[in-house]
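Report on one structure; see the data block that follows.
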Amino acid sequence: MMTDEYLDESGKKLEFVSFQIGQQEFCIEITSVREIRGWAPETSLPHVPSYVRGVINLRGTVLPIVDLADRFGLDATEPNERNVIIVVQIKEKLVGLLVDAVSDIIVVPQDEIQPIPEVNGELQLQFAQGLFAVRSRMLCIIDLTHVVPELERGAA
Amino acid sequence: MGKTILSVDDSATMRAMLEETLSEAGFDVLLAKDGVDGLEVLERETPQLIITDINMPRLDGFGFIEQVRRSSNNRAVPIIVLSTEFDETKKETARNAGATGWIVKPFDPEKLVGAINRLTA
Amino acid sequence: MSNQGIMQVFFDECDEQLSELESNLLALEGGEHNLEAINAVFRAVHSIKGGAGAFGMEELVRFAHTFETILDQVREGDLTPDATVLKAMLKASDVLTDLVRCARDGENVAVADVEIVMEQLNALNGTEAEKEIDESDDDFEIEFQPVPVCLDDIDCTDAGEFARFEISFRPRPMLYENGNDAVYLLRELRSLGEIEVQCDADALPTLDEIEPEGAFLTWQVTLHTNSDESKVREIFEFVQWDCDLSISAGNSLACGEAGIPDKVEAHLCNPAVGPADPGQFDAGSEHAETINSEAAVAPEKPSKSANIQATIRVNLERVEQLINLVGELVINQAMLEQQAEVAGLDRTSAICSGLNDLQKLTKEIQDGVMAIRAQPVKPVFQRMHRIAREAGEATAKIIRLVTEGETTEVDKTVIERLTDPLTHMLRNAIDHGLESPEARVRAGKPEEGTICLSANHRSGRVVIEIADDGAGIDREKVRSIAVARGLIEADTALEAEDIDNLIFRPGFSTAEQVSDLSGRGVGLDVVRRAVEKLGGRVSIASQPGIGTKITMSLPLTLAVQEGMLVDVADHTLVVPLAAILESLKPRSDMVNEIGLGKRLIKLQDSFVPLVDVAETLGFRKAGIDPTQGVALLVETPGGTRCVLLVDAIQGQNQVVIKSVERHFSRVPGIAAATILGDGRVALIADTEDLVAHHQSVPERIEPKLTAMG
Chain A
0 MMTDEYLDES
10 GKKLEFVSFQ
20 IGQQEFCIEI
30 TSVREIRGWA
40 PETSLPHVPS
50 YVRGVINLRG
60 TVLPIVDLAD
70 RFGLDATEPN
80 ERNVIIVVQI
90 KEKLVGLLVD
100 AVSDIIVVPQ
110 DEIQPIPEVN
120 GELQLQFAQG
130 LFAVRSRMLC
140 IIDLTHVVPE
150 LERGAA
Chain Y
0 MGKTILSVDD
10 SATMRAMLEE
20 TLSEAGFDVL
30 LAKDGVDGLE
40 VLERETPQLI
50 ITDINMPRLD
60 GFGFIEQVRR
70 SSNNRAVPII
80 VLSTEFDETK
90 KETARNAGAT
100 GWIVKPFDPE
110 KLVGAINRLT
120 A
Chain X
0 MSNQGIMQVF
10 FDECDEQLSE
20 LESNLLALEG
30 GEHNLEAINA
40 VFRAVHSIKG
50 GAGAFGMEEL
60 VRFAHTFETI
70 LDQVREGDLT
80 PDATVLKAML
90 KASDVLTDLV
100 RCARDGENVA
110 VADVEIVMEQ
120 LNALNGTEAE
130 KEIDESDDDF
140 EIEFQPVPVC
150 LDDIDCTDAG
160 EFARFEISFR
170 PRPMLYENGN
180 DAVYLLRELR
190 SLGEIEVQCD
200 ADALPTLDEI
210 EPEGAFLTWQ
220 VTLHTNSDES
230 KVREIFEFVQ
240 WDCDLSISAG
250 NSLACGEAGI
260 PDKVEAHLCN
270 PAVGPADPGQ
280 FDAGSEHAET
290 INSEAAVAPE
300 KPSKSANIQA
310 TIRVNLERVE
320 QLINLVGELV
330 INQAMLEQQA
340 EVAGLDRTSA
350 ICSGLNDLQK
360 LTKEIQDGVM
370 AIRAQPVKPV
380 FQRMHRIARE
390 AGEATAKIIR
400 LVTEGETTEV
410 DKTVIERLTD
420 PLTHMLRNAI
430 DHGLESPEAR
440 VRAGKPEEGT
450 ICLSANHRSG
460 RVVIEIADDG
470 AGIDREKVRS
480 IAVARGLIEA
490 DTALEAEDID
500 NLIFRPGFST
510 AEQVSDLSGR
520 GVGLDVVRRA
530 VEKLGGRVSI
540 ASQPGIGTKI
550 TMSLPLTLAV
560 QEGMLVDVAD
570 HTLVVPLAAI
580 LESLKPRSDM
590 VNEIGLGKRL
600 IKLQDSFVPL
610 VDVAETLGFR
620 KAGIDPTQGV
630 ALLVETPGGT
640 RCVLLVDAIQ
650 GQNQVVIKSV
660 ERHFSRVPGI
670 AAATILGDGR
680 VALIADTEDL
690 VAHHQSVPER
700 IEPKLTAMG
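Just so you know, the sequences run in chain order A, Y and X.
Each step along the first sequence adds one to the number in numbering that gives the first Met the number 0, with nothing skipped, and position 71 is 70.
Each step along the second sequence adds one to the number in numbering that gives the first Met the number 0, with nothing skipped, and position 69 is 68.
Each step along the third sequence adds one to the number in numbering that gives the first Met the number 0, with nothing skipped, and position 273 is 272.
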């Protein structure tokens, strides 16, 4: 109890949901996660980038599904029932992120988060807003705001 | 314990304003949209004070006040007339009908609350 | 509720009151000289003025006040509401509508118009006019200052100037009967300064003689205050007839005893006696009757026959939420049914009959919820009276607008989007349909042209008709214009009906001169587009010399649509049924290649572009052989005809409309989505967009095809 309080005062702690895409591990802030559910076949949309897999029925809401692997320039996911969809809220909209698996919920003190080194030219780092290490693993925090540019086009 | 005020006004705007002003001041508010409606409310409720408009469909403020003064259970309740009109004959008619006071719309919320507090203390 | 929220209530109320105002003025104009209509008109303006005053909308208050002054004279019988007066009042109600709209939208007011109508109103005031104007300005100042009565108004500004008042008052029973109390008045006095109070209870009878609701006490008050006498008198303003009152400004030498009136008789002293608690003396109500002789004659007991139905205001969002949930229920129920079928359950089994009941209930709930959003067309119809008045003035035609079926209910959104097309149609009927008064007389018709606007429900849709008794469509003229505009060939053979329908084609306008009304280059095609966007259809019927009738048929709701489910390259797509004219199986001799992968299909005598839906949407790289698919002849809201080529037809179904834009963005060729019985999402085609897209793209979508898989 004492230690917790002490930590609270020393720095703000952030909570993340971590997940896997291929061999890599990423995470997003838990505050933007609405729910986690299994994959279901999408209805594809015409004239959209390949990483927008289509839409599914989330209890009556037409939810767009984005394949994060494809979005990050990795091999596109060939989803099956074991894949996971993380439903996140990006501004006013709900989007399902298709990932391989959700690993953990991680609590990290804010001051342990490091900025992105500028050396790496990999696509996924364009969407990273920070890095932190948990035991031996390095996790990349994804900034959701620019992951799906289509959302910003809004209504035509 | 909150005091209950009945506000009778055919204007939804005025009802909304009174509800806002009075509930903020800590009163329980009952609303009625004309005299007939007001009398119906009074069959079930015994407010500590009534605020009524004059110009209303079905039963106007004068008629409403008279009916209240003739009723068995709310006969002595203070009734404030809240009206945009201010001519003396109208006031006299209201007084004869049994009104306790007259306030001209638009009302100053603080003064209205002050008046209610004095008439219900 | 926030101030903004109350303001919204005010504007909603204004809409209601304005509509009430207009319909009652029209009733008066129609010869109904009943007092209730006049009172209702007065109340409407009065309410608007009251609310506007509270929000400090001065322009609105000023105009409403002038209007109200005239209405008051009518109400009092000083002014007869003849044709001239009513005309001015209708005009005033139009201006009032504009002022409300300006206040709501924060627009500037066209002051000239307001002033002109104000003058017209003041002119009705006859000889009193100028005096009234001056007075009304003064009144205005007073009226909209809160004038408190029985309130404390401590004038702190001239502190120091203390005066002493000797006040003696003896309440009469009436004071208590009106819910007042000596205690309240004493408190009021105390709020002005320091008071010394003496109670004279000499008049109080002994307990066995006492009249429980009588008034026997006299109060002597010495008040030291910096307020002047008028402030003191103000406190008693409302009770001055209900008590014996004397107020005298004393000097410091004048003593308390001088103020005691001689008439006080004494027996017993108990300052607590006298109904301090208004609710305390409930018992003898018959007694109240006897002493309440001063009261005016009570009105007749209000009749319950008016029987106004109780309504509640509900936030639209809540209704939307409910509609969404019911949509879910419908889908879930369909899914269960499908599962039961897949599981091969016996139709007579308990589960299946239970599912049947569920389906019926679901349908009833859906209808019930949709009915919440339904509203009568009355407000829209009423707005048309003004349009007719103005159009009549602009064209110097005499018009009578008759409305029927105003209580017919349609979905709120449909109603909202109905105003524009209806306005356009009405103006068109007045501008082009009706003849000038002279021409009418020459044709043996009454000078006054009649336009009938009606609404009714017909087989699950709402049908709105606008019929005029004008000259009918001049088919020769329409035909020659259509040829001149290149809409048809000079030798095209057309039925009379087809010619009539030409007026809905884009680029067609029968106006020889561009008039104020029809505007430049805006024709009835706009109406048609608006109506078809709502899932409706427009048709026209005309008889030379007798008149023209335009009929709109609209869905009752936009939340549900009738759709044709079709297969398009492994996808299920929904095509709005309203857009489909017919479906056919193309033969190879009907198809013509015209290069660039574009094809035309020959139907009767005309060639219609063929749109391969799967190809256009990028679901398939190349189009299929038309003879292997099914062709749907559609007409887009813009009036273009084309054939949509799909793989197969699954059937017809009612679909719940879901937005794709809500959580994504606009998708070309797609209007919305729905959820099918198996729980999967199906897209609803946007026929107009599909056609436009087909014409502009095919190659551009090439790179996406591989990605789409």
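Where is the CB? At the ideal position from N, CA and C, for every residue including glycine.
Take the alpha-carbon of X/Glu-464 and the one of X/Gln-653: they are about 26 angstroms apart.
Annotation: Cβ neighbours of A/Arg-58 in chain X (cutoff 7 angstroms, chain order): Glu-327. Counting only runs of 4 or more residues that sit fully inside the stretch 659-697 of chain X, the alpha helix (DSSP H) segments are 686-695, in chain order.
Setting aside the 5 residues that flank it on each side, X/Ala-529 is surrounded in the same chain by Arg-416, Asp-419 and Pro-420, each with a C-beta closer than 7 angstroms to its C-beta; the list follows chain order.
Under the three-pair Cβ rule at 8 angstroms, the stretch 28-40 of chain A counts as touching the stretch 88-107 of chain A.
Comparing alpha-carbon positions, the option among Y/Ser-70, Y/Phe-61, Y/Ile-78 and Y/Glu-109 lying closest to Y/Thr-99 turns out to be Y/Ile-78. Three or more Cβ pairs closer than 8 angstroms define a contact, and the stretch 613-621 of chain X falls short of that threshold against the stretch 526-543 of chain X. Note on geometry: alpha-carbon atoms of Y/Asp-27 and Y/Thr-20 lie some 11 angstroms from one another.
Fully enclosed beta strand (DSSP E) runs of no fewer than 3 residues occupy 48-51, 78-82 and 100-103 of the stretch 36-115 of chain Y, in order along the chain. When the Cα atoms are used, X/Ser-245 and X/Leu-222 turn out to be separated by approximately 13 angstroms.
Interface residue (Cβ-Cβ distance to chain Y less than 8 angstroms): X/Glu-21 is not classified as such. In this structure, the straight-line span from the alpha carbon of X/Val-633 to that of X/Arg-42 is close to 52 angstroms. Closest in alpha carbon position to A/Phe-126, among A/Arg-136, A/Leu-73, A/His-145 and A/Ser-135, is A/His-145.
Nearest CB-CB separation between A/Lys-90 and chain X: not below the 8 angstroms threshold. The Cβ atoms of X/Val-607 and X/Val-645 do not sit closer than 8 angstroms to each other. DSSP places X/Met-369 within a helical segment (H, G or I) once states are collapsed to three. Leaving aside the five residues that flank X/Ile-47 on each side, the residues in its chain whose CB is nearer than 6 angstroms to its CB run, in chain order, Cys-13, Gln-16 and Ala-63. Closer than 8 angstroms at the C-beta level to chain Y, one finds these residues of the stretch 36-54 of chain X: Asn-38, Ala-39, Phe-41, Arg-42, His-45, Ser-46, Lys-48, Gly-49, Gly-50, Gly-52 and Ala-53. In the structure shown, the three-state DSSP call for X/Gly-391 is helix. Counting only Cβ-Cβ distances below 7 angstroms, X/Val-8 has contacts in chain Y at Ala-11, Thr-12 and Ala-15, in chain order. Pairwise C-beta distances place the stretch 390-402 of chain X out of contact with the stretch 352-370 of chain X, as fewer than three of them are shorter than 8 angstroms.
Contact between A/Leu-62 and X/His-662 is confirmed by a C-beta separation of about 6 angstroms, below the 8 angstroms threshold. Sequence-distant Cβ neighbours of X/Val-629 in its own chain, meaning closer than 7 angstroms and more than five residues away, are Ser-582, Lys-584, Val-645, Ala-647 and Ile-648.
One alpha carbon belongs to Y/Val-112, the other to Y/Gly-25, and they sit about 10 angstroms apart. Taking all protein chains shown into account, X/His-693 has 16 or more neighbouring C-beta atoms within 10 Å of its C-beta and is therefore buried. Nearest Cα to X/Gln-320 within the set X/Ile-311, X/Met-369 and X/Asp-566: X/Met-369. Contact annotation for A/Ile-55 against chain X: Val-680 [CB-CB distance below 7 angstroms, chain order]. X/Ala-82 sits away from X/Leu-123, with the two beta carbons spaced by 8 angstroms or more. Taking the beta carbon of Y/Ile-78 as reference, the chain X residues within 7 angstroms of it are Gly-178, listed in sequence order. Take the alpha-carbon of X/Glu-165 and the one of X/Gln-239: they are about 16 angstroms apart. Note that the stretch 380-397 of chain X does not touch the stretch 536-556 of chain X; fewer than 3 beta-carbon pairs, one per stretch, sit closer than 8 angstroms. In the assembly as shown, X/Pro-170 is a buried residue. Its beta-carbon has 16 or more other beta-carbons within 10 Å. Here A/Ser-135 carries a coil assignment [DSSP, helix/strand/coil]. One alpha carbon belongs to X/Ile-37, the other to Y/Glu-87, and they sit about 23 angstroms apart. Interface annotation, X/Gly-628: not in contact with chain A, CB-CB separation never under 8 angstroms. Taking X/Ala-568 as the centre and dropping the five residues before and after it, the same chain places the C-beta of Ala-613, Phe-618 and Arg-619 closer than 6 angstroms to its C-beta, in chain order.
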